[in-house]
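Since the structure comes first, as structure tokens, the remarks are kept for the end.
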Amino acid sequence: MMYEMKPEFYTGIESIDQEHTRLFELAQETHELLDNDILQDKSDSLVHLVSELINYTRTHFSNEEEYQKSIGYAHLKEHAAQHRAFEARLSAFDLDSIENDFKKQNETVQSLLTFLMNWLVNHILEEDMMYVKKK
Ligand code: FEO
Numbered sequence: 011m012m013y014e015m016k017p018e019f020y021t022g023i024e025s026i027d028q029e030h031t032r033l034f035e036l037a038q039e040t041h042e043l044l045d046n047d048i049l050q051d052k053s054d055s056l057v058h059l060v061s062e063l064i065n066y067t068r069t070h071f072s073n074e075e076e077y078q079k080s081i082g083y084a085h086l087k088e089h090a091a092q093h094r095a096f097e098a099r100l101s102a103f104d105l106d107s108i109e110n111d112f113k114k115q116n117e118t119v120q121s122l123l124t125f126l127m128n129w130l131v132n133h134i135l136e137e138d139m140m141y142v143k144k145k
């Protein structure tokens with residue numbers, strides 16, 4: 011596994027850690043799709059992956075925001091705004107226009123993977139850890 015939870019990503023809150031683990035699994039699936047040289051047309055897989063990411067992050071963000079509310083986290087609003095920005099960027103991936111363009115599909119999988127990993131690592135380490143410390 012190339013993309014997975016590392017010790018520094020654990021918050022110590024079990025449900026949150028499980029959800030983050032799933033998000034890294036989805037990054038791993040993105041990596042596998044990128045590496046798949048047998049599948050020529052990646053359109054369906056890409057649509058499926060992005061929709062799973064949208065659904066799962068929505069679940070995770072909502073659970074995490076509930077948790078922050080429950081501990082009276084002071085920066086809840088700013089944190090939620092980051093979640094909304096992530097959702098907007100994910101929804102902005104243009105999957106329709108690349109339906110028949112295999113090269114563009116691969117480029118999109120690559121940029122999805124880069125975006126996802128940068129965001130996940132930075133957000134967990136720099137933003138999520140803030141509410142953990144303030145517990
Ligand atoms: Fe775990 Fe704020 O996302």
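Quick note: the sequence shown uses the working numbering, first residue 11, plus one each step.
Every residue gets a Cβ at the ideal spot worked out from N, C-alpha and C, and that includes glycine.
{"Query": "Where does residue 38 sit, in a helix, a strand or coil, going by DSSP?", "Result": "helix"}
{"Query": "With distance defined between alpha-carbon atoms, name the residue in 16, 131, 140 nearest to residue 81.", "Result": "140"}
{"Query": "Helix, strand or coil for residue 79? Go by DSSP, reduced to three states.", "Result": "helix"}
{"Query": "Where does residue 48 fall in DSSP's three states?", "Result": "coil"}
{"Query": "When burial is assigned at 16 or more other CB atoms within 10 Å of the CB, is residue 30 buried or exposed?", "Result": "buried"}
{"Query": "The ligand FEO and residue 137: does the residue's C-beta get closer than 8 Å to at least one heavy atom of that ligand?", "Result": "yes"}
{"Query": "Within the chosen definition, does the segment 91–104 reach the segment 16–24 through at least 3 CB pairs nearer than 8 Å?", "Result": "no"}
{"Query": "What whole-angstrom Cβ distance do residue 36 and residue 74 have, given they're in contact under 8 Å?", "Result": "Rounded, the Cβ-Cβ distance is 16 Å, inconsistent with contact."}
{"Query": "If I measure Cβ to Cβ from residue 64 and keep anything under 6 Å in the same chain, skipping five residues before and after, which residues do I get?", "Result": "100"}
{"Query": "Measuring from the CB of residue 18, is there a heavy atom of the ligand FEO at a distance below 8 Å?", "Result": "no"}
{"Query": "Does residue 50 pass the burial test, meaning 16 or more other C-beta atoms within 10 Å, or should it be called exposed?", "Result": "exposed"}
{"Query": "Looking at residue 67: is its Cβ nearer than 9 Å to the Cβ of residue 96?", "Result": "yes"}
{"Query": "Could you check whether the Cβ of residue 71 sits closer than 8 Å to any heavy atom belonging to the ligand FEO?", "Result": "yes"}
{"Query": "For residue 26, does the count of other Cβ atoms within 10 angstroms reach 16, so buried, or fall short, so exposed?", "Result": "buried"}
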